[in-house]
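J.:
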Amino acid sequence: MSQDVVLRAQNLSKTLKVGEVKVEALRNVSLTIERGEFVGIVGPSGSGKSTLLGLIGGLDTPTTGTIEIDGVDITRLSERKLTRIRNEKIGFIFQAFNLIPTLTALENVALPVQFAAKRQFNPHKRAKELLDMFGLGDRIHHRPTQLSGGQQQRVAIARALANNPAIIVGDEPTGNLDSESSSVVMEALRNVRDTFNTTVILVTHDPGIAEQMERLITLVDGRITDEDARTATGTHLRVQV
Ligand SMILES: Nc1ncnc2c1ncn2[C@@H]1O[C@H](COP(=O)(O)OP(=O)(O)OP(=O)(O)O)[C@@H](O)[C@H]1O
Ligand SMILES: [Mg+2]
12 MSQDVVLRAQ NLSKTLKVGE VKVEALRNVS LTIERGEFVG IVGPSGSGKS
62 TLLGLIGGLD TPTTGTIEID GVDITRLSER KLTRIRNEKI GFIFQAFNLI
112 PTLTALENVA LPVQFAAKRQ FNPHKRAKEL LDMFGLGDRI HHRPTQLSGG
162 QQQRVAIARA LANNPAIIVG DEPTGNLDSE SSSVVMEALR NVRDTFNTTV
212 ILVTHDPGIA EQMERLITLV DGRITDEDAR TATGTHLRVQ V
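Note that our numbering has the sequence shown beginning at 12, numbered continuously upward.
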């Protein structure tokens with residue numbers, strides 16, 4: 012595998028059974044994503060976007076096919092090894108933020124570092140640095156309910172980055188935000204890619220967000236129908252948020 016390929020999926024399919032009925036949520040999907048790409052997954056409701064993201068993130072296993080993350084085939088790993096790969100190589104952000112309500116921003120971001128099998132960072136120092144980077148240096152002792160939606164999602168991005176993953180995946184990460192907070196979160200994600208060369212893969216329904224992605228993968232009925240690898244126009248925003 013070339014060194015710059017961070018994700019290689021081959022002939023993925025996912026068949027789900029509801030009673031006697033089989034649903035083919037993904038059909039023979041193959042794709043390659045390189046380090047530092049800023050990719051959107053789009054398509055109608057029910058087209059398989061969340062299913063694909065779940066497989067890419069190692070949250071679910073395919074019915075057929077293989078997925079390699081950073082050169083490691085995650086398709087046939089034990090649950091224990093898969094958990095470790097998820098913690099070290101993949102950062103997740105969700106529409107509902109999914110922060111732990113009883114912990115402060117600092118503690119939420121430090122948590123994945125504390126759980127890492129091989130610790131690369133001092134948990135609190137790393138958390139402080141990341142929160143500073145996202146303009147939340149004065150909010151580190153706040154709990155999620157004491158933060159705005161946009162601030163909570165930036166804490167969630169900092170948490171996703173805690174172990175310096177190769178890939179960040181997000182399922183509608185701006186779906187619960189107003190347009191202003193949404194722009195701030197998108198700026199933060201571009202900043203992550205530009206600073207750390209992290210691959211960012213987002214599922215979105217929002218045409219305004221899709222427009223900002225450099226490459227779009229369109230799913231219809233469980234299949235990739237269209238791939239639009241746009242070259243970025245001009246320089247990337249490097250605005251600190
Ligand atoms: N746990 C499940 N059991 C059975 N079928 C499922 C399950 N999860 C998803 N599906 C089916 O798989 C297909 C793809 O679902 P998926 O959630 O990936 O779509 P999506 O593109 O993310 O849609 P949306 O935009 O509405 O979030 C759908 O037809 C859905 O009904
Ligand atoms: Mg979905």
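The beta carbon of each residue, even a glycine, is placed where N, CA and C say it ideally should be.
Using beta carbons (cut-off 9 Å, strictly below), is T94 in contact with chain B?
T.: Protein chain content of the structure displayed is limited to a single chain, and chain B is not contained in it.
J.: Taking DSSP's pairing of strands, which residues face V34 in a bridge?
T.: Answer is L27.
J.: Out of curiosity, what's the CA-to-CA distance linking T77 and Q21?
T.: The alpha-carbon atoms of T77 and Q21 are separated by roughly 5 Å.
J.: Where do the N-terminal and C-terminal ends of the alpha helix (DSSP H) with L263 fall, by residue?
T.: Absent from the model: residue 263. The displayed extent of the chain is 12 to 252, so no value can be given.
J.: Could you check where the beta strand (DSSP E) with I101 kicks off and where it finishes?
T.: It spans I101 to F105 - the beta strand (DSSP E) in which I101 sits, taken as one unbroken run.
J.: Going by the CB atoms, is the gap between N98 and N174 shorter than 9 Å?
T.: Cβ distance < 9 Å, so N174 and N98 count as in contact.
J.: List the DSSP bridge partners of Q21.
T.: Q21 pairs with T77.
J.: Do the CB positions of T215 and I179 come within less than 9 Å of each other?
T.: It is not a contact, given that the beta carbons lie outside the stated cut-off.
J.: Quick check: what's the CA-CA separation for L158 versus I44?
T.: Looking at the two C-alpha atoms, the distance is approximately 34 Å.
J.: Run through DSSP, which three-state label would D84 get?
T.: Note: D84 maps to strand in three-state DSSP.
J.: Taking the C-alpha atoms as reference points, what is the distance between D15 and A177?
T.: Going from the Cα of D15 to the Cα of A177 covers about 11 Å.
J.: With a threshold of 6 Å on Cβ separation, who are the neighbours of E79 within its own chain once the five nearest residues in sequence on each side are excluded?
T.: Around E79: R19.
J.: Helix, strand or coil for S159 per DSSP?
T.: Of the three classes helix, strand and coil, the one that applies to S159 here is coil, per DSSP.
J.: Please report the distance separating the alpha-carbon of I325 from that of T229.
T.: Residue 325 falls outside the range modelled here, since the chain spans only 12 to 252, and no answer is possible.
J.: Taking its Cβ as the centre, do 16 or more other Cβ atoms sit within 10 Å of Q163, making it buried, or is it exposed?
T.: Flag for Q163 reads buried.
J.: Please list, in chain order, all residues of the same chain as G148 whose beta carbon is under 8 Å from its beta carbon, the five residues on each side excluded.
T.: Contacts found: K139 and L142.
J.: Measuring only the C-alpha atoms, how far is G38 from S58?
T.: The residue you asked about is not Gly; residue 38 is Arg in the sequence shown. Going by the C-alpha atoms only, they are around 10 Å apart.
J.: Specify, as a first and last residue, the run of the beta strand (DSSP E) that I179 falls within.
T.: First-last of the beta strand (DSSP E) with I179: I178 to D182.
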